[in-house]
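A short write-up of the structure that comes next.
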Amino acid sequence: MSKSVLHTSLCDDLKIEYPIFLAGMGVKGHATPPELVAAVCEAGGMGILGCSWLDGDEVRRRIRKVRNLTGRPFGVDLLLPASMAAATPDRAEMRARIERDHPQHMAFSRSLVEKFGLKPVMPSAGVMSADFIRRQVDVCLEERIAVFAAGLGDPAWVVPLAHQAGMKVLGLVGNVRNAKRQVAAGVDYVIAQGYEAGGHTGTVANFPLIPMVVDAVSPVPVIAAGAIADGRTLLAALALGAVGAWVGTAFLLAEESHLYPAHQQEIICGSTEDFVITRAYTGKTARDYRNDVIKAWDESGLRSLPMPLQGVLMDDLIAAAEAAGRHELINNPAGQIAGMLTRKRPARDILMSMVTEAEAGLDRLAAMRS
């Protein structure tokens, strides 16, 4: 089979057909389904498991489930926040710290459970501590996945271990300064993610960010992220100097995504302006679908706590909302490109339509020269 005109050096390096990644995504209690990862891999892209809030045993279970579904390479995305070294080791200690040092924040969290008529539930999601993250990383190393992606933070301590295990390391950034830090850490690829993206994101838009990062870190290759959902946006990313695309929001509407139906409807029906930047759920800037919790947080006048404390603060609400089926109160990380997404499709269709549209776009540009 002949190679696509979109085939880049990344495809040869990672042994994939098309330079398209399924971004590693997930919120507490709702991580990337192995079925979606495998579907993207089988379609010729690189599937990435988002496992940030899963304990080591669950990370291993999901890795092995992907392997049962596909023989193609795939990866795992984890968060490595700089603040984790100072994090206390368990939820009880973190909650006690919030109670002691930030009583107004704790009162606010409890008021939300009451405000929305929820029944208090003890959270079961993992707490991001140094030990928790180290166990996640150890599992990835033991399982020898193809790609390790650091969706947040400094992967310097992971890079030599990953390389010893034959893994490629990707580091996600939102500005040139952090891109240089990722290169200094030894990553194999830099993911330049624009402000338009869903989930944790920065303040610089893609059109200035991608070429600046490409120039700043050359010859380290760059993968573009944020507002890439069709052939036009894929082609734009490659034209700006990227060797591949990190695609999140578009795949949230894959039939294999298993996202909350309420969240998928928010993406399908929401306008671009409905996806806003907030620190309400994690303490880090993240783009989520605007909901009543974010509105209440904005009106509270409180400043967010550092990660992972803000996440622990909001755990009670999330657990109670999930138990009650009130998924509209749980954060729905999605990008501004959601404004052009209108339907669910199989993951293969999403990926292949991006490829065929981008190839057609190249033909159209060539025709304009004649």
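Going by my numbering, the first residue of the sequence shown is number 99, and it counts up by one from there.
The beta-carbon is built from N, C-alpha and C at its ideal position, and this holds for glycine as well.
- Of the candidates 210, 150, 256, the residue whose Cα lies closest to the Cα of residue 280 is 256.
- Contact annotation: residue 120 and residue 145 have beta-carbon atoms nearer than 7 angstroms.
- For residue 267, the uninterrupted beta strand (DSSP E) segment begins and ends at 266–271.
- In this structure, DSSP gives residue 315 a helical state, which the three-state scheme calls helix.
- Taking every protein chain shown into account, the CB of residue 434 has 16 or more other CB atoms within 10 angstroms, so this residue is buried.
- Per DSSP, the beta-bridge partners of residue 119 are 144, 344.
- By alpha-carbon distance to residue 221, the top candidate from 285, 263, 420 is 420.
- Shortest Cα-Cα distance from residue 204 to any of 436, 411, 138 involves 411.
- Taking the Cα positions, residue 193 is about 14 angstroms away from residue 415.
- The Cβ-Cβ distance between residue 282 and residue 308 does not fall below 7 angstroms.
- In the displayed model, residue 298 falls within a strand according to three-state DSSP.
- In the DSSP assignment, residue 281 falls outside any beta strand (DSSP E) and lies within the alpha helix (DSSP H) extending over 274–283.
- Residue 230 carries a helical assignment under DSSP once its states are collapsed to helix, strand and coil.
- Residue 367 and residue 440 have their C-alpha atoms spaced approximately 7 angstroms apart.
- In this structure, the CA atom of residue 371 is about 15 angstroms from the CA atom of residue 324.
- For residue 435, the three-state secondary structure derived from DSSP is helix.
- The beta carbon of residue 140 lies closer than 6 angstroms to those of 168 in the same chain, with the five residues before and after it left out.
- In this structure, DSSP gives residue 303 a state outside helix and strand, which the three-state scheme calls coil.
- Ranking 363, 312, 397 by CA distance to the CA of residue 342 puts 312 first.
- Assignment of residue 459 by DSSP, reduced to helix, strand and coil, places it in the helix class.
- In the three-state reduction of the DSSP assignment, residue 176 falls in the strand class, which pools E and B.
- In this structure, the alpha-carbon of residue 276 lies about 42 angstroms from that of residue 215.
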